[in-house]
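Colleague: Position one of the sequence shown corresponds to residue 1 (the UniProt record's numbering), numbered consecutively onward. Even glycine gets a Cβ: it sits at the ideal position worked out from N, Cα and C. Would you mind keeping the following structure in view while I ask a few things?
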Amino acid sequence: MLKNPFSNNSLLKQYQDLVSQINILEDTFEQLTDSELRAKSLTLKKQYEATQELDPLIAESFAITREASRRTLGLRHFDVQLIGGLVLNDNKIAEMKTGEGKTLVATLPASLNAITNKGVHIVTVNDYLANRDQVSMGQVYRFLGLNTGLIQEGMSTDERKKNYGADITYVTNYEVTFDFLRDNMALNPTDLVLRPFNYCIIDEVDSILIDEAQTPLIISNNTQTPIEKYIVAAEITEYLELNTHYKIDEKNKNVVLTVEGSKQIEQILKVQDLYDPRDPWIPYIINALKANALYFNNVHYIVQNNRIIIVDEFTGRIMPDRRWGDGLHQAVEAKENLPIRAKTETVAAITYQNFFLLYPKLSGMTGTGKTAEIEFEKIYNLAVNPIPTARPVQRKDLPDLIYKDQFSKWNAIAKTCNQVHETGQPILVGTTTVEKSEMLAQLLSEYNLSYQILNAKPENVRRESEIVAQAGKKGSITIATNMAGRGTDIILGGNITFKIQKKLYDILTLAKNFKLSKQTNILESSILSQFEGSSQRFLSVLLSLLNDDNFMKLSDLEILKLLQENDRISIPVISYQSSIQFLINDLITFNKKYQTQENKIVKNLGGLYIIGTERNDSRRVDNQLRGRCGRQGDPGVSRFFLSLDDNLLRLFGGPQIQNFMQTQLADDAPLESDLITKSLDSAQERVEERAYQQRKNLFDYDDVLNKQRNIVYYERKQILENTNTLSIKKNILAYGEQIVTDLLLELKENKFYREKTLSLIENLLGRNLLLTQLKDADSLLNTYDFYELKLYLFEEFWLTYQSKMEELSVYGTGLTENLERSIILLNTDRIWREHLQKMTLLRESVGWRGYGQRNPLYEYKQDAFYMFETREKLLRHLVIYDLLRASIL
């Protein structure tokens with residue numbers, strides 16, 4: 001029996017009326033046929049077109065979507081899931097515990113907002129989740145007459161445009177942000193893939209808007225890279241001693257060079273000054289020291305195919321398309337003796353903080369958002385609403401066990417795994433790095449325990465969904481780096497769907513090999529024995545596929561996509577979808593009794609046992625791990641094992657805690673202490689506060705650049721999408737006239753630069769002007785009236801411009817218009833690119849002004865304004881200069 005979600009929850013009582021209305025409509029909609037229900041959905045669209053208001057349609061839309069889900073997926077939204085959908089529709093964050101069905105919840109506000117025909121983006125953290133959710137939830141949307149899109153890595157421009165044009169599009173945060181940047185670099189309107197933003201639902205919203213907030217997404221070009229300096233700097237670190245030549249600041253991930261260190265390096269390099277601006281060595285030395293002292297293999301990165309691949313510290317996933325900036329990545333490559341790739345120059349950049357604020361309507365889902373509530377509200381104006389669980393939480397969070405050192409802690413973890421495993425209770429161990437996950441695996445091997453390991457290494461990533469899905473199987477042990485955004489529910493007793501898909505995949509791919517070897521009789525008898533007890537229809541459908549020559553010609557990948565209901569399959573393959581789906585459904589029905597028994601056995605054993613191997617810097621990451629057990633009212637246990645030399649206690653615990661622990665702890669005996677637990681909570685809060693201040697500081701600085709970015713992108717879009725060629729010509733003429741006016745004012749007011757100004761006018765309009773016959777600027781101003789001179793130069797510019805257009809028009813109609821547009825866009829991009837580099841340098845240097853009792857942020861804003869102010873003037877000069885000298889070779 002489900003509990004009442006409204007009891008003792010005043011915050012959610014505001015939604016009680018709407019939930020009641022939806023429930024009243026449910027009985028009515030159950031009586032409708034599929035076509036009648038679909039007609040109801042179309043009626044809502046017409047109502048919106050007439051009123052342009054969504055609020056009056058909420059109850060009916062939610063009720064229709066709930067019924068569509070029941071008919072297509074066999075899943076009926078609980079009342080608490082309706083509340084989650086209402087929270088999302090109110091521009092808020094719905095905090096829902098793991099296993100409460102966030103993916104299904106998103107269908108409610110997505111269907112409602114898709115009525116507007118303006119598009120809905122559902123943003124996930126990886127391609128697997130985007131593909132999985134689009135395939136499964138797409139059935140609901142298609143039933144309602146809505147179409148869905150999916151954006152995946154490697155798609156062409158046309159594919160992206162088509163999928164973004166769908167009513168509801170599933171996309172990763174990474175892909176949609178880079179598509180936005182690419183759109184704002186396009187030179188042709190046909191290259192644009194995004195339409196104006198409307199409504200966005202972010203899954204794992206804390207992972208994207210908090211954990212990823214400090215990482216700008218950058219499109220860049222390669223620049224000249226002094227490879228030898230990185231190599232030499234890496235070698236020099238071998239001759240430097242910690243605390244003598246340099247000091248490490250672990251809290252801030254920084255390295256400080258001492259006076260002795262500077263002298264030592266200058267002596268080795270035989271240079272006078274490491275900071276010489278003409279030949280600086282200091283950035284290479286600092287990066288080499290950072291790479292050596294703060295960045296470690298199998299912790300912060302892995303080495304794959306002779307490349308450094310960054311590991312995301314929050315999710316444990318690899319990020320093959322990301323590189324550390326400011327030369328750090330090259331320093332790590334030099335440290336690992338790998339080929340050093342070229343440095344890059346930023347062409348376009350944006351942070352997730354500013355990107356997602358571009359959506360007029362934004363909401364998000366997460367299992368752990370409350371701890372970051374202040375940041376969500378202050379930066380994104382998003383309130384966090386915890387949604388009650390459908391069933392009471394049965395998880396037991398045991399007190400932390402604290403050990404004296406790492407050796408004692410890891411031995412205790414392995415011993416606990418062995419003891420728990422003997423009972424048959426499944427275990428999930430969360431580790432923080434690849435290195436520690438592999439170390440624990442070796443310890444478990446000493447106990448002769450079998451396990452599955454999930455970390456950033458490619459051989460493990462490929463089996464991610466299968467490993468996570470079966471982590472609840474009786475007797476299983478799963479070692480995983482951080483569990484954020486894994487997407488697959490851990491079902492107690494094991495996930496039967498994954499098991500069946502794997503079994504069918506093995507049978508069908510094996511069949512191809514038998515076919516090739518002409519051993520058909522052996523094949524059929526082998527298969528029939530494996531599915532003994534299955535229905536006659538099941539066996540006939542399976543054998544018909546195996547005897548279908550065209551099916552046997554399918555690749556292993558195409559068969560895998562069929563089994564996973566992947567929408568991105570070729571036309572010939574689609575004809576087999578219904579047969580494959582029948583086989584899967586029939587096997588699920590046949591094995592359901594066995595799965596139910598296994599589920600009860602594991603529940604009686606206590607459910608999933610979660611082991612945390614250390615506290616993370618953020619409480620959210622700890623809660624994400626704990627939240628993997630106890631889903632939907634299941635039992636579960638969680639416990640963290642800690643040691644005195646864990647980073648959190650060592651760096652932020654304080655000397656009093658260290659002294660207390662050293663006196664209280666025996667060599668291998670653990671301690672349960674409220675004092676230590678409170679100290680850890682306090683340390684995490686301090687770390688989170690520091691991280692928040694860093695992100696807030698980044699947001700304040702980036703807000704300046706964001707305002708400038710919005711202006712540039714708006715102006716650029718106006719030029720790109722302007723089909724009125726006369727309007728573009730007016731812009732060009734206005735540019736030229738403004739240049740002439742500015743130069744004449746300079747000529748009149750600044751007598752010290754008159755000759756230089758006169759040469760600028762000649763450079764603009766050529767050297768055949770009558771005014772050049774005068775010997776100097778003074779005689780020019782004495783001879784001509786200012787207004788007459790301006791009119792004369794305007795006419796000369798118009799004639800020069802028209803002459804150039806006539807010259808180019810012989811190459812074809814429309815050429816001049818496209819040329820003018822391209823010259824404006826290319827120079828806009830060129831100036832913006834240079835402006836980004838200047839802003840980066842300004843940001844790095846302005847901090848020093850704080851030592852002069854000046855506010856660095858105020859100084860940054862002021863200087864940024866002056867730098868941006870010159871942009872329009874520079875653009876006018878470059879456009880006119882390039883246009884009047886353009887030629888077709």
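Considering only residues of the same chain and omitting the five flanking positions on each side of E715, which have a CB-CB separation below 8 Å?
Modeller: For this step, residue 715 is matched to residue 715 along the sequence shown. Within the same chain, E715 has close Cβ partners T828.
Colleague: Please identify the residue among V637, N623, L743, Q139 whose C-alpha is closest to the C-alpha of H877.
Modeller: Locating residue 877 in the sequence shown gives position 877, where the first residue counts as 1. The shortest C-alpha separation from H877 is found at L743.
Colleague: Assign Y851 to one of two classes, buried (16 or more other C-beta atoms within 10 Å of its C-beta) or exposed (fewer than that).
Modeller: On the sequence shown, residue 851 is found 851 positions in, with the first residue counted as 1. Under this definition Y851 is an exposed residue.
Colleague: In the DSSP output, which residue or residues are listed as bridge partners for C629?
Modeller: To locate residue 629, count along the sequence shown from 1; it is residue 629. In DSSP, C629 forms no bridge with anything.
Colleague: So is the beta-carbon of K873 under 6 Å away from any non-hydrogen atom of the ligand MG?
Modeller: Ligands in the displayed structure: none, and consequently the ligand MG is not present.
Colleague: So who's on the other strand from E95, going by DSSP bridges?
Modeller: By 1-based counting over the sequence shown, the position of residue 95 is 95. Paired residue(s): T366, P386.
Colleague: Under 8 Å Cβ to Cβ from F786, same chain only, skipping five residues before and after it: list those, please.
Modeller: Here residue 786 corresponds to residue number 786 of the sequence shown, with the count starting at 1. For F786, where only same-chain residues beyond five positions count, the Cβ hits under 8 Å are L744, K748.
Colleague: Assuming G99 and Q632 form a contact by the criterion Cβ under 8 Å, report the distance between their Cβ atoms to the nearest whole angstrom.
Modeller: Taking the sequence shown and counting its residues from 1, one reaches residue 99 at position 99. Taking the sequence shown and counting its residues from 1, one reaches residue 632 at position 632. With a Cβ gap of about 5 Å, G99 and Q632 count as contacting.
Colleague: For Y811, name the three-state secondary structure that DSSP assigns.
Modeller: Walking along the sequence shown from the start, residue 811 turns up at place 811. Reduced to three states, the DSSP call for Y811 is coil.
Colleague: For V347, which three-state DSSP category applies?
Modeller: The residue labelled residue 347 in the question sits at position 347 within the sequence shown. Note: V347 maps to strand in three-state DSSP.
Colleague: Using the Cα positions of T772 and I761, report the straight-line distance between them to the nearest angstrom.
Modeller: In the sequence shown, residue 772 corresponds to position 772, counting from 1. In the sequence shown, residue 761 corresponds to position 761, counting from 1. Interpretation of T772 is limited by its pLDDT of 49, a score under 50 that renders its predicted location unreliable; no figure is taken from the coordinates.
Colleague: Identify every run of the alpha helix (DSSP H) within the segment 69 to 119, keeping only runs that are complete inside it and at least 4 residues long; order them along the chain.
Modeller: 79 to 89, 102 to 105, 107 to 114
Colleague: For F865, count neighbouring Cβ atoms within 10 angstroms of its own Cβ and tell me buried if that reaches 16, exposed if not.
Modeller: Position 865 of the sequence shown, counted from the start, is the residue given in the question as residue 865. Exposed, because fewer than 16 other Cβ atoms sit within 10 Å of the Cβ of F865.
Colleague: Which whole-angstrom value is the C-beta distance of L492 and G472, which I expect to be below 8 Å?
Modeller: Looking up residue 492 in the sequence shown gives position 492. Looking up residue 472 in the sequence shown gives position 472. Indeed they touch by this definition, with Cβ atoms about 4 Å apart.
Colleague: Nearest to K253 by CA position, among D506, A291, Q425, I309, is which residue?
Modeller: By 1-based counting over the sequence shown, the position of residue 253 is 253. K253 has its Cα closest to that of A291, out of D506, A291, Q425, I309.
Colleague: Taking a contact to mean a Cβ-Cβ separation below 7 Å, would you say T366 touches D206 in this structure?
Modeller: Numbered from its first residue, the sequence shown carries residue 366 at position 366. Numbered from its first residue, the sequence shown carries residue 206 at position 206. Cβ atoms of T366 and D206: closer than 7 Å.
Colleague: Below 7 Å between beta carbons: does that hold for S643 and D400?
Modeller: By 1-based counting over the sequence shown, the position of residue 643 is 643. By 1-based counting over the sequence shown, the position of residue 400 is 400. Not in contact: S643 and D400 (Cβ atoms no closer than 7 Å).
Colleague: Could you check the C-alpha separation between E377 and A383 for me, to the nearest Å?
Modeller: For the purposes of this step, residue 377 is taken as residue 377 along the sequence shown, with counting starting at 1. For the purposes of this step, residue 383 is taken as residue 383 along the sequence shown, with counting starting at 1. One C-alpha to the other measures close to 6 Å.
Colleague: Please report how far the alpha carbon of T613 lies from the alpha carbon of I302, in whole angstroms.
Modeller: One-based indexing of the sequence shown puts residue 613 at position 613. One-based indexing of the sequence shown puts residue 302 at position 302. T613 and I302: Cα-Cα distance of roughly 21 Å.
Colleague: Excluding five sequence neighbours on each side, which residues of the same chain lie with their C-beta closer than 8 Å to the C-beta of I728?
Modeller: Taking the sequence shown and counting its residues from 1, one reaches residue 728 at position 728. Here the set comprises I719, N722, E817, E820, R821, I824.
Colleague: Can you tell me which residues form a DSSP beta bridge with T481?
Modeller: For the purposes of this step, residue 481 is taken as the residue at position 481 of the sequence shown. Paired residues: T431.
Colleague: Kindly list the residues whose CB is nearer than 6 Å to the CB of K3, restricted to its own chain and excluding five residues on each side of it in sequence; keep chain order.
Modeller: As a first step, residue 3 is located in the sequence shown; it is residue number 3 there, counting from the start. Note that K3 scores a pLDDT of 48, beneath 50, so its modelled location is shaky; the value from the coordinates is reported in the next line. Nothing listed; no residue qualifies.
Colleague: Counting only C-beta atoms, is K473 closer than 7 Å to chain B at any point?
Modeller: No chain B is present in this structure, which holds just one protein chain.
Colleague: Helix, strand or coil for F29 per DSSP?
Modeller: Position 29 of the sequence shown holds residue 29. Three-state result, F29: helix.
Colleague: In terms of DSSP beta bridges, what is V123 paired with?
Modeller: Locating residue 123 in the sequence shown gives position 123, counting from the first residue. For V123, which the question treats as bridged, DSSP gives the partners V171, I202.
Colleague: For the candidate residues R843, E872, K873, whose alpha-carbon lies nearest to that of Y860?
Modeller: For the purposes of this step, residue 860 is identified with residue 860 of the sequence shown, where counting begins at 1. Distances from the alpha-carbon of Y860 to those of R843, E872, K873 put R843 closest.
Colleague: I need the boundaries of the beta strand (DSSP E) containing S262, first residue and last residue.
Modeller: For the purposes of this step, residue 262 is taken as the residue at position 262 of the sequence shown. Per DSSP, S262 belongs to no beta strand (DSSP E); it is in the alpha helix (DSSP H), 259 to 269.
Colleague: Please work out which residues of its chain come closer than 8 Å, Cβ to Cβ, to M867, disregarding the five sequence neighbours upstream and downstream, and give them in chain order.
Modeller: Mapped onto the sequence shown, residue 867 falls at position 867. If we look at M867 and ignore the five residues flanking it on each side, its Cβ neighbours are H835, K838, M839, L842.
Colleague: Considering just the uninterrupted stretch of the beta strand (DSSP E) at F296, what are its terminal residues?
Modeller: Reading the sequence shown from its first residue, position 296 is the one you call residue 296. That residue, F296, is in no beta strand (DSSP E); it is neither H nor E in DSSP.
Colleague: Measure the C-alpha to C-alpha separation of T177 and A480 and round it to an integer number of angstroms.
Modeller: Position 177 of the sequence shown, counted from the first residue, corresponds to residue 177. Position 480 of the sequence shown, counted from the first residue, corresponds to residue 480. Cα to Cα, T177 sits roughly 29 Å from A480.
Colleague: Buried or exposed: where does S111 fall if 16 or more other Cβ atoms within 10 Å of its Cβ makes it buried?
Modeller: Reading the sequence shown from its first residue, position 111 is the one you call residue 111. Flag for S111 reads buried.
Colleague: Just to confirm before moving on: does the CB-CB distance between A68 and V125 stay below 7 Å?
Modeller: Taking the first residue of the sequence shown as position 1, residue 68 is located at position 68. Taking the first residue of the sequence shown as position 1, residue 125 is located at position 125. Not closer than 7 Å, so no.
Colleague: With distance defined between alpha-carbon atoms, name the residue in Q394, Y380, S578, T371 nearest to P386.
Modeller: On the sequence shown, residue 386 is found 386 positions in, with the first residue counted as 1. Taking P386 as reference, the option from Q394, Y380, S578, T371 with the minimal CA-CA separation is T371.
Colleague: Who are the near neighbours of E737 in its chain, counting only those whose CB is closer than 8 Å to its CB and skipping five residues on each side?
Modeller: Counting from one through the sequence shown, the residue named residue 737 turns up at place 737. Hits under 8 Å: F794, F797.
Colleague: Are there 16 or more other CB atoms within 10 angstroms of the CB of Q597, so buried, or fewer, so exposed?
Modeller: Along the sequence shown, one-based indexing puts residue 597 at 597. With fewer than 16 other Cβ atoms within 10 Å, it is exposed.
Colleague: With DSSP as the reference, identify every bridge partner of F640, one or two as the case may be.
Modeller: As a position in the sequence shown, residue 640 is number 640, starting the count at 1. Per DSSP, G612.
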